[in-house]
Amino acid sequence: MTDLLKLSGVHTHIGRYHILQGIDLAVAQGQTTMLLGRNGAGKTTTLRTIMGLWQASSGEISLAGERIESRATPDIARLGVGYVPESMAVFSDLTVKENLVLAARDGPLDDAQLDWIFGFFPALRRFWLSRAGSLSGGQKQMLSIARAIIEPRKLLLIDEPTKGLAPAIVMALIECLKEIKRKGATILLVEQNFFAARELGDNVLVMDNGTIVHRGEMAALAADVPLQERLLGLSLEAHQ
Amino acid sequence: MTELAAADPLPKPKRDIAPILLPIAVALVMIPLIGSPSTWLTLTAASLAMGMMIFIMASGLTLVFGLMDVLNFGHGAFIAVGAYVATLVLAPFAASLQADSLWTNLAVLAPAALLSMAVSGALGLIVERVLILPVYGQHLKQILMTTGGLIVAEQTLYAVWGPQIIPTPLPTSLRGSFILGDVAIAKYRVLATLIGLAVFIAIQLVLNRTKLGLLIRAGVENREMVEALGYRIRRLFLGVFMTGSALAGLGGVMWALYREQVHASMSDDLTVLIFIVVIIGGLGSIGGCFIGAILVAMIANYGGFLVPKLALVSNILLMVAILMWRPRGLYAVTSR
Chain E
1 MTDLLKLSGV
11 HTHIGRYHIL
21 QGIDLAVAQG
31 QTTMLLGRNG
41 AGKTTTLRTI
51 MGLWQASSGE
61 ISLAGERIES
71 RATPDIARLG
81 VGYVPESMAV
91 FSDLTVKENL
101 VLAARDGPLD
111 DAQLDWIFGF
121 FPALRRFWLS
131 RAGSLSGGQK
141 QMLSIARAII
151 EPRKLLLIDE
161 PTKGLAPAIV
171 MALIECLKEI
181 KRKGATILLV
191 EQNFFAAREL
201 GDNVLVMDNG
211 TIVHRGEMAA
221 LAADVPLQER
231 LLGLSLEAHQ
Chain C
1 MTELAAADPL
11 PKPKRDIAPI
21 LLPIAVALVM
31 IPLIGSPSTW
41 LTLTAASLAM
51 GMMIFIMASG
61 LTLVFGLMDV
71 LNFGHGAFIA
81 VGAYVATLVL
91 APFAASLQAD
101 SLWTNLAVLA
111 PAALLSMAVS
121 GALGLIVERV
131 LILPVYGQHL
141 KQILMTTGGL
151 IVAEQTLYAV
161 WGPQIIPTPL
171 PTSLRGSFIL
181 GDVAIAKYRV
191 LATLIGLAVF
201 IAIQLVLNRT
211 KLGLLIRAGV
221 ENREMVEALG
231 YRIRRLFLGV
241 FMTGSALAGL
251 GGVMWALYRE
261 QVHASMSDDL
271 TVLIFIVVII
281 GGLGSIGGCF
291 IGAILVAMIA
301 NYGGFLVPKL
311 ALVSNILLMV
321 AILMWRPRGL
331 YAVTSR
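In the order they appear, the protein sequences are chains E and C.
So in the numbering used here, spot 219 of the first sequence is number 219, and the numbers just go up one at a time.
So in the numbering used here, spot 221 of the second sequence is number 221, and the numbers just go up one at a time.
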């Protein structure tokens, strides 16, 4: 399996704080790689560093063999990276339609792609001309994900999509992400919800204190309760 | 996906019309206080004209605030430069301005306004690259740099044009008033109102009907996410800064004709009004800026007529009242 994204020895400082302390990771083409870890482990910083929103202090980041650690965020996005931040960051003053029109960088909205998205997220069709600020939290998350997949992307970086959502909405999002996966997308997904991680992940990386402390197959971690407790301070059973 | 489909229907987004009703309410309340309907109409027309000129000058600043998070205390320099540059065209063609033909007058005024906008816009390019670019994200330094820039601009104007006030008489066809019964409405005020409305409509069309406008509105709300979608917002910053500077230049020309004079520190008092308008409108909101400008002009005109002694503080009182009602301005831009 080819690695689409590779990070080697990546360090990131935010002000005086040394957040990422030598990250090495690879995300295989067509696979969903889960990035797990406690709060403050550096998961969001990893995604933001890949996206160029925070500059790596040192180390190498490559996408499809092309070095991107010194590139500006818009250039990284134009290489085919879609980003769904933890805050969702929908444009509240814009309508659902306007949010998606902006995300469709390369031209007008593609009707077939829209229909595919509406299949997952019927609410977006219903509130097509409503301001995004008036959507519920779950609907904002749908819009945020829809924005990232409105055009084909090489890589999706998704930060805690299930955070703060009702269980029913979480299940729906998991189904949506599974469908995106089936279409061959490569995803690096930060998730605190271990159930969602188990459902979606092919591979898993666990972070602690700015470093990767475990890497392997998601199924193996899901089956190893003592390892879960040691790495994450949780067990899958507690989440079922 | 049935869970999503079954989500509770949202209430239809309500249009927030309270700020729009505010100037109308103020105008209506003033009718009995002023007493004479003709005086009220004259003051209202004066308020609209003044409000439109302030709006033209403030619209660029509010977008610069909202989109770029830049505190540009030197915005007044573009106003003064615009006014002075206009005199370069107006002075040599003074005879054409004194002609009775409206078209002859406009044939001089239009190039003067366009040249002022071009020079102010170009100055905006230089200011953004030289003064603003090194201090993005550093508010204190922005204040120092842009205030310094304003002082340098004013002193340069003194050095080039001298300290004397330069008269900018109104063209003949724009002198006098339209008489409607016993109401007199100055012709120039009507023109200023029409230009202000045209600028407002043009900005609204760009912001609401074009992808560029979508980018500006999105950038005002969340610059980072706009970049994460693949758009180079720095270029947008520069374009907005230059447009805002050009509009300030246009406002400077209109204000110079309104006051019929130009001097290097002409923008000092205006800058205070412009900042009040930007703050009460809601940083980054063009609609709020438009209503705020009308309110400020109404308070200045009605207040100056009813309670002249309060004229100096009336706009500050207006700002306090608006911010007590809506602490983030009339139309707060979300997620800043």
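Every residue, glycine too, gets a C-beta built ideally from N, C-alpha and C.
Quick one: is residue i buried, meaning 16 or more other Cβ sit within 10 Å of its Cβ, or exposed?
i          : result
Thr-91(E)  : The residue asked about is misnamed: residue 91(E) is Phe in this sequence, not Thr. Counting Cβ neighbours within 10 Å, Phe-91(E) comes out buried, since at least 16 surround it.
Tyr-331(C) : buried
Ala-7(C)   : Here the model assigns Ala-7(C) a pLDDT of 46, short of 50, so the residue's position is not dependable and the matter cannot be decided.
Ser-47(C)  : buried
Ala-5(C)   : Here Ala-5(C) scores only 43 on pLDDT, less than 50, and its place in the model should not be relied on; the value that follows carries that caveat. With fewer than 16 other Cβ atoms within 10 Å, it is exposed.
Leu-83(C)  : Leu is not the amino acid found at residue 83(C); the sequence shown has Ala there. The residue is buried, with at least 16 neighbouring Cβ atoms inside 10 Å.
Met-324(C) : exposed
Tyr-302(C) : buried
Asn-260(E) : Residue 260(E) lies beyond the residue range present for chain E, which begins at 1 and ends at 240; the question has no answer from this structure.
Pro-152(E) : exposed
For a contact meaning CB atoms closer than 7 Å, what does residue i contact in chain C?
i          : result
Pro-74(E)  : Glu-227, Gly-230, Tyr-231 and Arg-232
Asp-93(E)  : Arg-217, Glu-221, Val-333 and Thr-334
Tyr-83(E)  : Ala-228
Glu-98(E)  : Leu-214
Ala-146(E) : None at all; the shortest Cβ gap to chain C is about 12 Å.
Ala-89(E)  : Asn-222 and Met-225
Ala-196(E) : Near Ala-196(E) there are no residues of chain C at all, since even the closest Cβ is about 15 Å away, more than 7 Å.
CB residue i to CB residue j, shorter than 8 Å?
i          : j          : result
Ser-245(C) : Gly-121(C) : yes
Lys-43(E)  : Gly-52(E)  : no
Ile-338(C) : Gln-204(C) : The requested residue 338(C) is not part of the displayed model; chain C covers only 1 to 336.
Met-52(C)  : Ile-195(C) : yes
Asn-193(E) : Thr-162(E) : yes
Val-81(C)  : Phe-93(C)  : no
Glu-294(E) : Gly-59(E)  : Missing from the structure shown is residue 294(E); chain E here goes from 1 to 240 and no further.
Val-84(E)  : Ala-132(E) : no
Gly-249(C) : Met-68(C)  : no
Ile-79(C)  : Phe-305(C) : no
Thr-32(E)  : Gly-201(E) : yes
Leu-35(E)  : Leu-205(E) : yes
Leu-273(C) : Ile-31(C)  : no
Leu-156(E) : Gly-82(E)  : yes
Leu-229(C) : Ala-103(E) : yes
Leu-257(C) : Leu-170(C) : yes
Do you know whose CA, among the options, lies nearest residue i's CA?
i          : options                                           : result
Trp-255(C) : Ala-113(C), Ala-332(C) and Ala-118(C)             : Ala-113(C)
Arg-271(C) : Gly-252(C), Glu-260(C), Leu-257(C) and Trp-103(C) : For the sequence presented, residue 271(C) should be read as Thr rather than Arg. Looking at the Cα atoms, Gly-252(C) is the closest of the given residues.
Gln-113(E) : Met-88(E), Ile-149(E), Ile-14(E) and Val-204(E)   : Ile-149(E)
Ala-86(C)  : Ile-20(C), Gly-35(C), Leu-283(C) and His-263(C)   : His-263(C)
Ala-168(E) : Ala-146(E), Glu-151(E), Ala-196(E) and Ile-158(E) : Ala-196(E)
Met-207(E) : Asp-224(E), Phe-121(E) and Thr-46(E)              : Thr-46(E)
Met-142(E) : Pro-152(E), Phe-127(E) and Met-1(E)               : Phe-127(E)
Leu-125(C) : Thr-243(C), Ser-101(C), Asp-100(C) and Leu-28(C)  : Thr-243(C)
Arg-326(C) : Ala-293(C), Ile-143(C) and Gly-282(C)             : Gly-282(C)
Gly-30(E)  : Met-171(E), Lys-183(E) and His-214(E)             : Lys-183(E)
If you draw a straight line from the C-alpha of residue i to the C-alpha of residue j, how long is it?
i          : j          : result
Met-225(C) : Thr-146(C) : 28 Å
Pro-134(C) : Phe-73(C)  : 16 Å
Ala-192(C) : Ile-233(C) : 33 Å
Leu-207(C) : Glu-229(E) : 52 Å
Arg-78(E)  : Phe-200(C) : 34 Å
Leu-295(C) : Ser-173(C) : 29 Å
Val-333(C) : Ile-291(C) : 15 Å
Leu-318(C) : Thr-104(C) : 41 Å
Arg-189(C) : Leu-115(C) : 22 Å
Thr-156(C) : Ser-267(C) : 14 Å
Phe-118(E) : Ser-38(C)  : 59 Å
Ala-123(E) : Gly-288(C) : 31 Å
Met-1(C)   : Ala-56(E)  : Residue placement at Met-1(C) is poorly supported in this model, since its pLDDT is 39, which falls under 50; the coordinates are not used for a value here.
Leu-43(C)  : Val-89(C)  : 32 Å
His-75(C)  : Leu-61(C)  : 7 Å
Val-64(C)  : Ala-198(C) : 20 Å
Gly-181(C) : Gly-284(C) : 41 Å
Glu-179(E) : Arg-235(C) : 37 Å
Val-127(C) : Ala-77(C)  : 10 Å
Asp-110(E) : Leu-20(E)  : 39 Å
Val-160(C) : Ile-166(C) : 12 Å
Establish whether the CB of residue i and some CB of chain D are separated by less than 8 Å.
i          : result
Leu-214(C) : No chain D appears in this structure, whose protein chains are E and C.
Residue i touches chain C at which residues, Cβ-Cβ below 9 Å?
i          : result
Leu-53(E)  : Glu-224, Glu-227 and Ala-228
Arg-230(E) : Per Cβ cutoff of 9 Å: no residues; Arg-230(E) is ~35 Å from chain C at best.
Ala-77(E)  : Glu-227, Ala-228, Leu-229, Gly-230 and Tyr-231
For residue i, return the contacting residues in chain C, with the cut-off set at a CB-CB distance below 8 Å.
i          : result
Leu-155(E) : What Leu-155(E) touches in chain C: nothing, since even the nearest Cβ is about 13 Å away.
Val-101(E) : Lys-211 and Leu-214
Arg-105(E) : Leu-229, Gly-230 and Tyr-231
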